[in-house]
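Residue numbers (my numbering): 45 to 260.
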């Protein structure tokens, strides 16, 4: 019975890895669409988000099957519920990628990012991709050490977010309120994407069979 449960959990983890890869690609596409004012690529993000939503339902269904077929012990119950929380954070990250893509569509053919802010959003997109890449690897390898790095990596995104506002709030900001509002919203999307990535990292540490707390 326990072997069957472990097989179920392995299938759930496999679905989470697939979901994390899709989330990473969604934000990659959204960021490229944003910076290049590419409406075709932005539209593709919404298609990918539908795939992410399907994967989320797959994870939910598999977890419900675990409960329907057996009563997990407390350790396995924690793993199952943690996996569901991971799926929820990943689904939200996919939604945030869609928000970025829709910002690009809403302003097309004018770029949604002011030229004065492009370098900051390019840096934010790079950090977002690095965070998502670590999530994929940490989930696939159940790597608690790698997952633990995400919390510190998020500091770089927070710093860029602060720099973004320092630019837009300068007395000599030349582009008016509309461009500043666009920048503020986009900055929030990237910041929240990183925050959810950190949440996933913390949850992966709970899923890992070699958590430091278990060896204390």
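Ideal Cβ positions, reconstructed from N, Cα and C, are used throughout, including at glycine.
List the whole-angstrom C-beta distance separating residue 86 from residue 77, where the pair is believed to meet the contact cut-off of C-beta under 8 Å.
-> Residue mapping note: residue 86 aligns to position 42 of the chain shown, counting from 1. Residue mapping note: residue 77 aligns to position 33 of the chain shown, counting from 1. Yes, residue 86 and residue 77 are in contact; Cβ-Cβ is about 4 Å, under 8 Å.
Is residue 213 helix, strand or coil by DSSP?
-> Numbered from its first residue, the chain shown carries residue 213 at position 169. In the structure shown, residue 213 adopts coil according to DSSP, grouped into three states.
Quick one: residues in its chain with C-beta nearer than 8 Å to the C-beta of residue 218, no 5 flanking neighbours on either side, listed in chain order?
-> Walking along the chain shown from the start, residue 218 turns up at place 174. Around residue 218: 160.
At which residues does the alpha helix (DSSP H) containing residue 232 begin and terminate?
-> Position 188 of the chain shown holds residue 232. Membership of residue 232 in the alpha helix (DSSP H) is indicated by the continuous run 220 to 251.
Is residue 250 near residue 136, with beta carbons less than 8 Å apart?
-> Position 206 of the chain shown, counting from 1, holds the residue named residue 250. Position 92 of the chain shown, counting from 1, holds the residue named residue 136. Not in contact: residue 250 and residue 136 (Cβ atoms no closer than 8 Å).
Nearest CA to the CA of residue 75: which residue from 154, 165, 57 and 99?
-> Counted from its first residue, the chain shown places residue 75 at position 31. From the listed residues 154, 165, 57 and 99, the smallest Cα separation to residue 75 is found for 165.
From residue 175 to residue 140, what distance separates their C-alpha atoms?
-> What you label residue 175 is simply residue 131 of the chain shown in a count that begins at 1. What you label residue 140 is simply residue 96 of the chain shown in a count that begins at 1. About 14 Å.
Measure the CB-CB distance between residue 94 and residue 172 and report whether it falls below 8 Å.
-> Locating residue 94 in the chain shown gives position 50, counting from the first residue. Locating residue 172 in the chain shown gives position 128, counting from the first residue. Against a cut-off of 8 Å, the Cβ pair of residue 172 and residue 94 comes out as no contact.
Determine the contact status of residue 69 and residue 92, defining contact as a CB-CB distance below 8 Å.
-> Here residue 69 refers to the residue found at position 25 when the chain shown is read from its first residue. Here residue 92 refers to the residue found at position 48 when the chain shown is read from its first residue. It is a contact, given that the beta carbons lie within the stated cut-off.
Is DSSP giving residue 163 helix, strand or coil here?
-> Here residue 163 refers to the residue found at position 119 when the chain shown is read from its first residue. Residue 163: helix per DSSP, three-state reduction.
Rounded distance between the beta-carbons of residue 61 and residue 134, thought under 8 Å | Residue numbering aside, residue 134 sits at position 90 when the chain shown is read from its first letter. Residue numbering aside, residue 61 sits at position 17 when the chain shown is read from its first letter. Not a contact, Cβ separation roughly 10 Å.
Taking DSSP as the reference, what is the three-state secondary structure of residue 143?
-> Here residue 143 refers to the residue found at position 99 when the chain shown is read from its first residue. Residue 143: helix per DSSP, three-state reduction.
From this set, 168, 131, 149 and 187, which residue's C-alpha is nearest residue 101's C-alpha?
-> Taking the first residue of the chain shown as position 1, residue 101 is located at position 57. Taking residue 101 as reference, the option from 168, 131, 149 and 187 with the minimal CA-CA separation is 131.
Determine the DSSP secondary structure at residue 153, reduced to helix, strand or coil.
-> Counting from 1 along the chain shown, the entry for residue 153 is found at position 109. Residue 153 falls in the coil class under three-state DSSP.
With DSSP run on the structure shown, which of helix, strand or coil describes residue 258?
-> Your numbering for residue 258 matches position 214 in the chain shown. Note that residue 258 scores 41 on pLDDT, short of 50, meaning its location in the model is unreliable and no value can be drawn from it.
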